[in-house]
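**Student:** Numbering (full-length UniProt numbering), first residue to last: 1 to 146. My structure is below; once you've seen it, I'll send some questions.
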């Protein structure tokens, strides 16, 4: 790892921890992504945050994801995150499961391995955190209820 990569990894570490401290599994390799997605059971719901260093990730996406996954009574079975711009191969592997243009930050919700909801960056930035949380809550209530 060169000095620039080491610096960026150090800068991004608190941004990773904002999710991993709340039970999001960090996927850092393509193999890790494929193994994680391969283990999805038919009725499992999986919520993935494609993390980013940008301001809308810091002020909106990560706080919204953490708040709703912790406070909403209806929750996904599995939580994961990949970090765009940091682990590019892992992020590219996750995007293979998402039938949408690359976008970060973004949210993907899967049911049984099938994408059921995707929130792209343009639906995160320039919106209130309350609106983003209500969208996530609605998705969780619709797709994650047992």
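Ideal Cβ placement from N, Cα and C applies to all residues, glycine included.
With burial defined as no fewer than 16 other Cβ atoms inside 10 Å of the residue's Cβ, what is the status of residue 134: buried or exposed?
**Tutor:** exposed
**Student:** Can you tell me where the alpha helix (DSSP H) with residue 95 in it begins and where it stops?
**Tutor:** Its alpha helix (DSSP H) spans residues 88 to 95.
**Student:** Restricting to runs no shorter than 3 residues, where is the beta strand (DSSP E) found entirely within the segment 108 to 141?
**Tutor:** 114 to 119
**Student:** Which residue wins for smallest C-alpha separation from residue 80, given the options 59, 13 and 91?
**Tutor:** 91
**Student:** Which of the three DSSP states is assigned to residue 27 in this structure?
**Tutor:** coil
**Student:** Please classify residue 15: is it buried, with 16 or more other beta-carbons within 10 angstroms of its beta-carbon, or exposed?
**Tutor:** Buried, since its Cβ has 16 or more Cβ neighbours within 10 Å.
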